[in-house]
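A short write-up of the structure that comes next.
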Amino acid sequence: MTFFDKILDVIFPNNFKCIFCGCEISASCPPYVCDRCVKILPFINGKICLRCGEPISSLSDYCIKCKDNIRFFNFARAPFVYEHPISTLIHGFKYRNQKYTFESLAKYMEECYIKNDFQTDLIIPVPSSKKRLKVRGYNQAELLSKQLSKSLGLELETDVLIKVRHTPPQTTLNYFERQKNLFGSFTVENREKIIGKNVLLVDDVLTTGATINYCSEVLKLSKAKKVFVLTLARTQSELAKKG
Ligand SMILES: [Zn+2]
Ligand SMILES: [Zn+2]
Numbered sequence: 004m005t006f007f008d009k010i011l012d013v014i015f016p017n018n019f020k021c022i023f024c025g026c027e028i029s030a031s032c033p034p035y036v037c038d039r040c041v042k043i044l045p046f047i048n049g050k051i052c053l054r055c056g057e058p059i060s061s062l063s064d065y066c067i068k069c070k071d072n073i074r075f076f077n078f079a080r081a082p083f084v085y086e087h088p089i090s091t092l093i094h095g096f097k098y099r100n101q102k103y104t105f106e107s108l109a110k111y112m113e114e115c116y117i118k119n120d121f122q123t124d125l126i127i128p129v130p131s132s133k134k135r136l137k138v139r140g141y142n143q144a145e146l147l148s149k150q151l152s153k154s155l156g157l158e159l160e161t162d163v164l165i166k167v168r169h170t171p172p173q174t175t176l177n178y179f180e181r182q183k184n185l186f187g188s189f190t191v192e193n194r195e196k197i198i199g200k201n202v203l204l205v206d207d208v209l210t211t212g213a214t215i216n217y218c219s220e221v222l223k224l225s226k227a228k229k230v231f232v233l234t235l236a237r238t239q240s241e242l243a244k245k246g
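Quick note, the sequence shown lines up with residues 4 to 246 if you use our numbering.
Dropping the structure here:
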């Protein structure tokens, strides 16, 4: 940003920039996304697995993973597939104007929440371990949850689901290895806050669903009535792409 741009920003504070390409836009409320970028966003529009929300092209109502495994969450949904430019943005959160970025991305999650008729009482973000927090400095799931809590008018509870053990990165592990890796990694405190309640569990990206499934199991063992999951994006397996 040049000195002149900085002065313009002070004089015209509504000079918003597209969170993806940085071009100037005339928006006064989120999402701060230009007309060109909104056209290439990887929205999930077609047929999805009724349980986990993965785009599928089979005749069945459920994906193979949901057919073969016990799912503790009632359903999971996301507005986007985890592809460029969403994936690029998630990687670059740290280097962007976070306030605009999170407001914008949470706006898409809010739309997804309304469209899918979620009925929840409170929001719980998937927590990071202390080790990861130290490296990153913040938890993306919590920042998205904060915005959603404001826009949906739901209480945000960050002292219920606690990560007690750091788990090694899971990117190279399959679903079963992830389940093993996660065992004993989350616990519930202040359980009176969730007894008989419908919980909205929020995370940034859903990959195999092992983490949210494990969190949902722990929440339900602590007597949460139902657990619904909302993530910003979700990956799509090669199998599902091929149909
Ligand atoms: Zn743009
Ligand atoms: Zn599924």
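Built from N, CA and C at the ideal position, the CB exists for glycine as well.
Contact check for P34 against S107 passes: the beta carbons are separated by less than 8 Å. Your pair L147 and M112 checks out as a contact, with CB atoms roughly 7 Å apart and the cut at 8 Å.
Segment contact: the segment 171–188 against the segment 213–221, three or more CB-CB distances shorter than 8 Å; contact assigned. Distance from the CA atom of R39 to the CA atom of T234, rounded to whole angstroms, is 24 Å. Between the C-alpha atoms of T238 and R194 there is a straight-line separation of about 31 Å. If you draw a 10 Å sphere on the C-beta of T123, you find 16 or more other C-beta atoms in it, and that means buried. By the criterion of a C-beta distance shorter than 8 Å, T170 is surrounded in its chain by S132, N184, L185 and S188, once the five residues flanking it on both sides are discounted.
The three-state secondary structure of E160, taken from DSSP, is coil. If the five residues before and after K134 are omitted, its C-beta is found closer than 7 Å to the C-beta atoms of H169, all from its own chain and listed in chain order. Straight through space, the alpha carbons of C32 and F179 are spaced by roughly 42 Å. Here A236 is not near V202, since their CB atoms are 8 Å or more apart. When distances are taken from the beta-carbon of R39 to the heavy atoms of ligand 2, even the shortest one reaches 7 Å or more. L209 is not a Cβ neighbour of S219, given a cutoff of 8 Å. When rounded, the separation of the alpha-carbon atoms in C55 and V84 is 13 Å. Look at the segment 194–240 and you find these whole runs of beta strand (DSSP E), each 3 residues long or longer: 201–209 and 229–237.
Here C66 has C52, C55, E57, I59 and A243 as same chain residues with Cβ atoms under 7 Å from its own Cβ, once five neighbours each way along the sequence are excluded. DSSP places L125 in the uninterrupted beta strand (DSSP E) bounded by L125 to P128. Residue state for V41 is assigned as helix, using DSSP reduced to three classes.
A Cβ-Cβ distance of about 5 Å is found for the pair L159 and I126, placing them in contact under the 8 Å criterion.
For V138, the enclosing alpha helix (DSSP H) covers residues K133 to R139. The residue from K70, L92 and Y116 with its alpha-carbon nearest to that of C21 is L92.
For T190, the closest C-alpha among the options P130, C115 and P88 is that of P130.
Here L224 is exposed, its C-beta having fewer than 16 other C-beta atoms within 10 Å. DSSP, reduced to helix, strand and coil, places T174 outside both helices and strands of the structure shown, so it counts as coil.
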